[in-house]
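Visitor: Residue numbers for the sequence shown follow this note's numbering, so the first one is 68 and each next one is one higher.
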Amino acid sequence: VALQAKDRKHGVSSTLSPKEPEGILLVKPKDNELKEFEANRKIILDILQTHSPEARLRGVVRIFGGGVKLIDASPDDILAIKNTLIEHGEKEVMDKFDLITPNRRSPQFILYNVPKEVEADSLKDGLLAKNIFLADGNNKPHFKLEFSIPGRDRRSNHWVMSINPKKYEDFLSKEGLYFQFTRLRLAEFISVKQCRKCYAFGHTTRGCDPKNKQLCDKCGETREENHRCKGYNCINCSESNRRLRTNHKTDHSCLNRNCKTPIRQKDLVIERTDYGL
Numbered sequence: 068v069a070l071q072a073k074d075r076k077h078g079v080s081s082t083l084s085p086k087e088p089e090g091i092l093l094v095k096p097k098d099n100e101l102k103e104f105e106a107n108r109k110i111i112l113d114i115l116q117t118h119s120p121e122a123r124l125r126g127v128v129r130i131f132g133g134g135v136k137l138i139d140a141s142p143d144d145i146l147a148i149k150n151t152l153i154e155h156g157e158k159e160v161m162d163k164f165d166l167i168t169p170n171r172r173s174p175q176f177i178l179y180n181v182p183k184e185v186e187a188d189s190l191k192d193g194l195l196a197k198n199i200f201l202a203d204g205n206n207k208p209h210f211k212l213e214f215s216i217p218g219r220d221r222r223s224n225h226w227v228m229s230i231n232p233k234k235y236e237d238f239l240s241k242e243g244l245y246f247q248f249t250r251l252r253l254a255e256f257i258s259v260k261q262c263r264k265c266y267a268f269g270h271t272t273r274g275c276d277p278k279n280k281q282l283c284d285k286c287g288e289t290r291e292e293n294h295r296c297k298g299y300n301c302i303n304c305s306e307s308n309r310r311l312r313t314n315h316k317t318d319h320s321c322l323n324r325n326c327k328t329p330i331r332q333k334d335l336v337i338e339r340t341d342y343g344l
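#1: Can you tell me the Cα-Cα spacing of Lys-158 and Cys-286, whole angstroms?
#2: When the Cα of Ser-307 is compared with those of Cys-265, Arg-331, Cys-296, Phe-246, which residue comes out closest?
#3: Under the assumption that Ile-148 contacts Leu-115 (Cβ atoms under 8 Å), give the Cβ distance between them as a whole number of angstroms.
#4: Which residue's Cα is closest to the Cα of Gln-247: Leu-335, Pro-329, Pro-182, Leu-344?
#5: Label Ser-240 either buried or exposed according to how many other C-beta atoms from any shown protein chain fall within 10 Å of its C-beta, with 16 as the threshold for buried.
#6: CB-CB under 6 Å to Lys-233, same chain, minus the five flanking residues each way: which ones, in chain order?
#7: State the DSSP-derived secondary structure class of Asp-284, mapped to helix, strand or coil.
#8: If you follow the beta strand (DSSP E) that Pro-247 is part of, which residue opens it and which one closes it?
#9: Does the region 216-223 come close enough to the region 150-170 to have 3 or more Cβ pairs within less than 8 Å?
#10: Does Leu-83 come out as helix, strand or coil in the three-state DSSP assignment?
#11: If you drop the 5 nearest sequence neighbours on each side, which residues of the same chain put their C-beta closer than 6 Å to that of Val-68?
#12: Name the two residues that bound the continuous alpha helix (DSSP H) containing Gln-332.
#13: Report the three-state DSSP secondary structure of Tyr-342 (helix, strand or coil).
#14: What whole-angstrom Cβ distance do Tyr-299 and Asp-318 have, given they're in contact under 8 Å?
#15: Identify, in the order they occur along the chain, each residue of the same chain with its Cβ nearer than 7 Å to the Cβ of Ser-81, setting aside the five sequence neighbours on each side.
#16: Tell me whether Ile-230 is buried or exposed, calling it buried when 16 or more other Cβ atoms sit within 10 Å of its Cβ.
#17: At the level of alpha carbons, what is the spacing between Thr-340 and Gly-243?
#18: Report the rounded CA-to-CA distance for Cys-321 versus Arg-263, giving the unit in angstroms.
#19: Does the Cβ of Ala-196 have 16 or more other Cβ atoms within 10 Å, making it buried, or fewer, making it exposed?
#20: Would you mind giving the Cβ-Cβ distance between Trp-226 and Leu-190, rounded to the nearest angstrom? I have them listed as a contact below 8 Å.
#21: Considering only DSSP beta bridges, list what Phe-200 is partnered with.
#22: Check whether the Cβ atoms of Arg-125 and Asp-139 sit closer than 8 Å, and answer yes or no.
#23: Using DSSP with H/G/I as helix, E/B as strand and the rest coil, what is Cys-321?
#24: Reducing DSSP to helix, strand and coil, say where Ser-189 ends up.
#25: In whole angstroms, what is the alpha-carbon distance linking Asn-170 and His-209?
Dropping the structure here:
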């Protein structure tokens, strides 16, 4: 599932400039012996409680395979946490995990209604030929075509591209790009992954833990044969209320367009994007 920003023409200054980029650390088990999230979470938090009790985490989140994602206020803070785990965790235990600090996401844009028969290389060359700002003086592109999405019109696809963060404002100021003898609409693209099996965020159905059972998007219970909903209960808003002490309404499907949790996820994607500021 991908949420798309609707022609954000005012840039990121009003949303992003007051905020420093968050720090993220992924703690990933190397083998199947450590696939239990709660056990891994306890290992990590026990080390921090003993050796870095002043650490202020914004979130401790489950990731695929029983891994743990730690979210802190800044990259410097998360680096300090990583160093604490390396220095004070038992070597035999910590050697069973990969500690990864992912790079910040590059901004993405979506190009609408590209003829379906046009392949990636042809699209790239055609865009460079008609839009001078898309490349530097050595004709090195400021963008990379990532993937296509089927359009409503079966004759067209929408193409998602990642761009050079320093060129974000240039792309944002363009409402379209020229290709062949037409102008294709361009808008910022903010992708939020949501599984259609467990309905959690951060992964797709293909990446969902095989142990997870298919849930009902309306009531959040396991959707077995002859399943009957007892009423609407958004599992994501309920979890947010429990863990983050939010006060979201829960009487809706977790796929409802007005659900507060995907909106929050979209904001997190923006915060974790490098806009070249």
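Built from N, CA and C at the ideal position, the CB exists for glycine as well.
Guide: Reading off the structure:
#1: C-alpha separation (whole angstroms): 44 Å.
#2: The residue with the shortest Cα to Cα distance from Ser-307 is Arg-331.
#3: Confirmed, Cβ separation roughly 7 Å.
#4: Of Leu-335, Pro-329, Pro-182, Leu-344, the residue nearest in Cα terms is Pro-182.
#5: Burial call: exposed.
#6: Once the five neighbours on either side are set aside, the close Cβ partners of Lys-233 are Gly-343.
#7: DSSP places Asp-284 in coil when its eight states are reduced to three.
#8: The residue you asked about is not Pro; residue 247 is Gln in the sequence shown. Where Gln-247 is concerned, there is no enclosing beta strand (DSSP E), given that its DSSP letter is neither H nor E.
#9: Under the Cβ criterion (8 Å, minimum of three pairs), the region 216-223 does not count as touching the region 150-170.
#10: Because the pLDDT of Leu-83 is 43, which lies under 50, any placement of that residue in the model is unreliable, and the question is left without a value.
#11: Annotation note: pLDDT 42 at Val-68 (below 50); position unreliable, no value reported.
#12: Annotation for Gln-332: the continuous alpha helix (DSSP H) segment containing it runs 327-338.
#13: Residue state, collapsed to three classes: coil.
#14: Asp-318 and Tyr-299 do touch by the CB rule: their CB atoms are close to 5 Å apart, below 8 Å.
#15: For Ser-81, the pLDDT reaches just 42, beneath the cut-off of 50, and the residue's location in the model is therefore unreliable, leaving the point undetermined.
#16: It counts as buried.
#17: Annotation: Thr-340 to Gly-243 spans about 22 Å, alpha carbon to alpha carbon.
#18: Straight-line spacing of the CA atoms in Cys-321 and Arg-263 works out to 10 Å.
#19: So Ala-196 ends up on the exposed side.
#20: Trp-226 to Leu-190, Cβ: 6 Å. Contact.
#21: None, per the DSSP bridge assignment.
#22: Between Arg-125 and Asp-139, the C-beta spacing is below 8 Å.
#23: When DSSP states are grouped into helix, strand and coil, Cys-321 belongs to the coil group.
#24: In the displayed model, Ser-189 falls within a helix according to three-state DSSP.
#25: Separation of Asn-170 and His-209 (C-alpha to C-alpha, rounded to the nearest whole angstrom) is 18 Å.
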